[in-house]
Amino acid sequence: MTQITNHMPTEELQRLDAAHHMHPFTTNDELEKKGARVITRAKGVTLTDSEGNEILDAMAGLWCVNIGYGRDELAEVSSRQMRELPYYNTFFQTTHVPAIALAERLAELTPYDLNHVFFANSGSEANDTNIRIVRTYWQEKGQPEKTVIISRKNAYHGSSVASSALGGMSGMHAQSGMIPDIHHIDQPNWWAEGGDMSPEDFGLERAQQLETAILELGEDKVAAFIGEPVQGAGGVIVPPSTYWPEIQRICDKYGILLIADEVICGFGRTGNWFGSQTMGIKPDIMTVAKGLSSGYAPISASIVNDKVAAVLGACEFNHGYTYSGHPVACAVALENLRILDEEGIVSHAAEELAPYLKEKFESLGDHPMVGEVKVVGMMGSLALTPDKTTRAKFAVDVGTVGFMVRERCFANNLIMRHVGDRMVISPPLVITKAEIDTLILRARKALDEGYENVKKAGLFKAMS
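So for the sequence shown, the numbering used here puts the first residue at 1; every next one is plus one.
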């Protein structure tokens, strides 16, 4: 067997990777020509690759490494738990201390009466769980015909067949199809779709599509609405201020369940512990993952309120995963939450870092290729455009220009993701002001270089 280590030549690691490793969201055949970037270690907000390049990770991995890389405490907790109880399941009226402790801590942290926790291993699994929770809830209430869940176009709720159907990414639907009784309404993306409407009027119009859909589909059929407080993977789409209050009003009026997908927004990302608090909504079910363990261990949860739990508790819930409430993952998540709380990371990010990030990131709005700049808490996005006044799209496939800028980010040792022609950031909550300055310098350099490449390629023109 080949002994593969960090000390092997990059080319050999890339060759082995391309030969055997199938990557998510990747054209894997391209890796044989280009080779994957090989990350070998990380500390704080900095990644190091196999060539020794030090890269500022402005995406916190996949929106998840909230406490930064390299915290020894989590490694120690993991090791200790593996020695004590490396695994046991939570099926068949069995439990263990890490699951008990983490469920109790989450009940303390979450707002309102979200007091009951069902563990899974990823946001995708938690949102699959939510589909069954919602439909079981209405079955037990004597209304089994209430099965329809309304979501939004360009929403991201996971990659499994069910959770990707719940989401609104058309490319994912094209590969896996849909499951029954999932309906999508338009997203609250004013920059791309608002036309001549004010943001406030647009926010109301998009929210009121929910009421229209309920009436068209039938009040007796609609079970729930799901939404991210801020659409993360959709491009950090921050809804107008009128949007979420109207969504809440409609859910309350028709008595449908409100699911807040906090996989990205949770655990300090938006300036509060949860995005629901930032947006002033009161969910019946909350999906959490990513920042729950800062990505150090795979774990997620569906957190449900007292009303839903009381109904589900009266039946046998025929659902679960082998690793639901895995003791090691629970122990790691508990330690991560302790660090976030006791070190004041969430409050420091909200009070000190978020205003600084907002000021510096918004300065990129003077770039000739940047139209809208949106920042909420410790996440932000730049809408790229050939015409700021008309909010025009480029006269080329969506995402072409964003990809060109992303490549210049990589070349300048910065991880900044592109979603179509939006550039997005979501740095670790422990980033310093000096590191924010570095982020902005590298982002501006990447924008400048991308702009020159776009012009040279004749792409800096608006769609007619």
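Quick reminder that beta carbons are idealized off the backbone N, C-alpha and C, glycines included.
| query | Leaving out the 5 sequence neighbours to the left and right, which residues in its chain are closer than 7 Å to D306 when beta-carbon positions are compared? | reply | D113, N115
| query | Considering only C-alpha positions, which residue in the set V117, K393, L217 is nearest to S324? | reply | V117
| Alpha-carbon spacing of H96 relative to Y88, whole angstroms | In a straight line, the C-alpha of H96 is about 8 Å away from that of Y88.
| Which residues in the same chain as V134 place their Cβ atom closer than 7 Å to its Cβ, once the five residues preceding and following it in sequence are excluded? | I149, A223, A224, L257
| query | So what does DSSP say about R493, is it helix, strand or coil? | reply | Outside the shown range of the chain (1 to 464) lies residue 493, about which nothing can therefore be said.
| Do P428 and V65 have their C-beta atoms closer together than 8 Å? | In contact: P428 and V65 (Cβ atoms closer than 8 Å).
| query | Under 8 Å between the Cβ atoms of N154 and I259? | reply | no
| task | Would you mind stating whether T287 and A434 have Cβ atoms separated by less than 8 Å? | result | no
| task | Determine the DSSP secondary structure at M423, reduced to helix, strand or coil. | result | strand
| field | Spatially closest choice to L334 from Y321, A354, S294, S347, by CA coordinates | value | S294
| Leaving out five residues before and five after L62 in sequence, what residues of the same chain have Cβ atoms less than 8 Å from its Cβ? | K290, G295
| message | Starting from H21, trace the beta strand (DSSP E) in both directions and tell me its first and last residue. | response | Taken as a continuous stretch (DSSP letters only), H21 belongs to no beta strand (DSSP E), as it is neither H nor E.
| message | the ligand PLP and V405: does the residue's C-beta get closer than 7 Å to at least one heavy atom of that ligand? | response | Absence of the ligand PLP from the depicted structure is noted, as is the absence of any ligand whatsoever, leaving it without description.
| Does the beta-carbon of A174 have 16 or more other beta-carbons within 10 angstroms, so that it is buried, or is it exposed? | exposed
| Nearest to L109 by CA position, among T270, G266, V419, F460, is which residue? | Taking each of T270, G266, V419, F460 in turn and checking the Cα distance to L109, the smallest one comes out for G266.
| Euclidean distance between Cα positions of S347 and L31 | 41 Å
| What residue does the alpha helix (DSSP H) around Q54 start on, and which one ends it? | One point to set straight first is that residue 54 is Glu, not Gln, in the sequence displayed. From DSSP, E54 is part of no alpha helix (DSSP H) but of the beta strand (DSSP E) over 54 to 57.
| Is it buried or exposed for E262, if we count other Cβ within 10 angstroms and need 16 for buried? | buried
| In whole angstroms, what is the alpha-carbon distance linking K34 and M22? | 15 Å
| message | Taking DSSP's pairing of strands, which residues face A42 in a bridge? | response | L47
| request: Would you mind working out which of R444, S170, R391, L292 sits nearest N413, comparing C-alpha positions? | output: R444
| said: Would you call the stretch 310 to 318 in contact with the stretch 67 to 87, where contact means no fewer than 3 C-beta pairs closer than 8 Å? | reply: No, because fewer than three Cβ pairs between the stretch 310 to 318 and the stretch 67 to 87 fall closer than 8 Å, the two stretches do not touch.
| query | Considering S176, what are the terminal residues of the beta strand (DSSP E) in which it resides? | reply | Where S176 is concerned, there is no enclosing beta strand (DSSP E), although the alpha helix (DSSP H) it sits in stretches over 170 to 176.
| query | Under a three-way DSSP split, which group does F403 fall into? | reply | helix
| query | Is the beta carbon of A42 less than 8 Å from the beta carbon of L439? | reply | no
| At which residues does the alpha helix (DSSP H) containing I247 begin and terminate? | Run containing I247: 243 to 254, per the alpha helix (DSSP H) assignment.
| field | First through last residue of the alpha helix (DSSP H) which encompasses T129 | value | 123 to 140
| said: Taking 8 Å as the threshold (C-beta atoms), are L357 and V370 in contact? | reply: no
| request: Return helix, strand or coil for A314, following the three-state DSSP convention. | output: coil
| Which partner residues of D196 appear in the DSSP bridge assignment? | None, per the DSSP bridge assignment.
| request: At 4 residues or longer, and completely inside the stretch 247 to 300: list those alpha helix (DSSP H) runs for me, N to C. | output: 275 to 279
| task | Take M404 as the anchor and find which of E351, E104, R422, K374 has the nearest alpha-carbon. | result | R422
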